[in-house]
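Below is one structure; the comments refer to it alone.
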Amino acid sequence: MKMAANSTTEKTASTSAARKITTYDLVIGILAIFSLIILIPLYFGKLPSSDAAVLNTLEDVLCIVFLFDFFRSLRLAPKKWSYFLKGGGWLDLLGSVPISAFAIFRVARLFRVVRLLRKLTGDQLRHIFTRRLAQSTLLFTLVVALLLVFTISWGVLLAEQYAPHANILTYHQAVWWAFVTITTVGYGDYYPVTPVGQSLAVILMFFGLGIIGVLSSY
Numbered sequence: 040m041k042m043a044a045n046s047t048t049e050k051t052a053s054t055s056a057a058r059k060i061t062t063y064d065l066v067i068g069i070l071a072i073f074s075l076i077i078l079i080p081l082y083f084g085k086l087p088s089s090d091a092a093v094l095n096t097l098e099d100v101l102c103i104v105f106l107f108d109f110f111r112s113l114r115l116a117p118k119k120w121s122y123f124l125k126g127g128g129w130l131d132l133l134g135s136v137p138i139s140a141f142a143i144f145r146v147a148r149l150f151r152v153v154r155l156l157r158k159l160t161g162d163q164l165r166h167i168f169t170r171r172l173a174q175s176t177l178l179f180t181l182v183v184a185l186l187l188v189f190t191i192s193w194g195v196l197l198a199e200q201y202a203p204h205a206n207i208l209t210y211h212q213a214v215w216w217a218f219v220t221i222t223t224v225g226y227g228d229y230y231p232v233t234p235v236g237q238s239l240a241v242i243l244m245f246f247g248l249g250i251i252g253v254l255s256s257y
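FYI, our numbering numbers position 101 of the sequence shown as 140, with every residue one higher than the one before it.
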């Protein structure tokens, strides 16, 4: 009887832990990974001022998102000081301040990802997606679309910026091209001329068609 009670308690704790991971938490984790990727070229690469300005603006937006998440987590925490001191809240705060003097602390976002991965299991993922399938699919589709735009545009810029007759020469131009490509608008004012850039364009087009298919199903 005691073993059965312990088993029931463990299952209840497991279910309770699963409920702590939501679609929102996964999206914040994905954005944290994306922000860490941005920090690499921003602080360790040699970027033109126009490209650095785009990435800095994107970083500021992400800082605001993470700052909102910090205050949300603080408000929802049963023991606020415990979350702040022992639960990594102070790291969340340091990694969310949108001030350049605190930029070095943005590496602390890595701990967001680590905390999420430690909690996340396959059962929890299935629980999230089966509980609110429509909302989860839509939210993940939009997040993936944004990540694709900013990552593929960076790859296209690296492939194009020194190529003869290239017209995608700045990150700003690459992001604009990626947006119009993934939405299948395709103005044609910017386009890749290298094999690598064109291959990335094909990938972006296929993802764009898939994303439009998902959105049209709602």
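Built from N, CA and C at the ideal position, the CB exists for glycine as well.
Exercise for review: Spell out a yes or no on whether the segment 147-158 and the segment 174-190 are touching, meaning 3 or more CB-CB pairs, one atom from each, closer than 8 Å.
Suggested key: no
Review point. Between the segment 91-105 and the segment 127-136, are three or more C-beta pairs nearer than 8 Å?
Key: yes
Review point. In chain order, which continuous runs of the alpha helix (DSSP H) of length 4 or greater are located wholly inside the segment 148-232?
Key: With a minimum length of 4 residues, the unbroken runs of alpha helix (DSSP H) contained wholly in the segment 148-232 fall at 148-158, 161-170, 172-199, 210-221.
Check your understanding: Near E49, what residues of its chain come up, given a Cβ to Cβ distance below 7 Å and the 5 sequence neighbours on each side ignored?
Key -> Note on E49: pLDDT 42, under 50, position unreliable in the model; no value is reported.
Check your understanding: Leaving out the 5 sequence neighbours to the left and right, which residues in its chain are closer than 8 Å to V242 when beta-carbon positions are compared?
Key -> The residue you asked about is not Val; residue 242 is Ile in the sequence shown. Around I242: I191.
Practice item. Excluding the 5 residues preceding and the 5 following V153 in the sequence, name in chain order all residues of the same chain whose CB lies nearer than 7 Å to its CB. Key: none
Check your understanding: Taking H204 as the reference, which of T233, L186, W193 has the closest Cα?
Key -> T233
Check your understanding: Skipping 5 residues on each side, what residues in its chain have a beta carbon closer than 7 Å to that of G225?
Key -> V219
Check your understanding: Helix, strand or coil for R58 per DSSP?
Key -> Bear in mind that a pLDDT of 46 at R58, under 50, signals an unreliable position, so the model cannot answer this.
Review point. Thinking just about the alpha-carbon of each residue, which of I143, L208, G249 is nearest to the one in L236?
Key: According to the sequence provided, residue 236 is Gly. The question's Leu does not apply to it. Comparing Cα positions, the closest option is L208.
Practice item. Measure the alpha-carbon distance for W129 versus D228 and round it to whole angstroms. Key: 46 Å
Review point. Would F107 count as contacting chain B if we go by Cβ distances under 8 Å?
Key: In the displayed structure, chain B is absent; only one protein chain is listed.
Point to revise | Closest by C-alpha distance to L149, when choosing among G249, A71, F246, A240 | key: A71
Exercise for review: Report back the beta-carbon spacing between F245 and L187 to the nearest angstrom; my notes put them in contact at under 8 Å.
Suggested key: In this structure F245 does not touch L187 by the C-beta definition: roughly 11 Å separates them, more than the 8 Å allowed.
Check your understanding: Mapping DSSP to helix, strand and coil, what is G252?
Key -> helix
Check your understanding: Along the chain, which unbroken stretches of the alpha helix (DSSP H) at least 4 residues long are found entirely within the segment 73-160?
Key -> 88-115, 119-124, 128-133, 148-158
Exercise for review: Whole angstroms is fine: what's the gap from A142's alpha carbon to L124's?
Suggested key: The straight-line gap from Cα to Cα measures roughly 21 Å.
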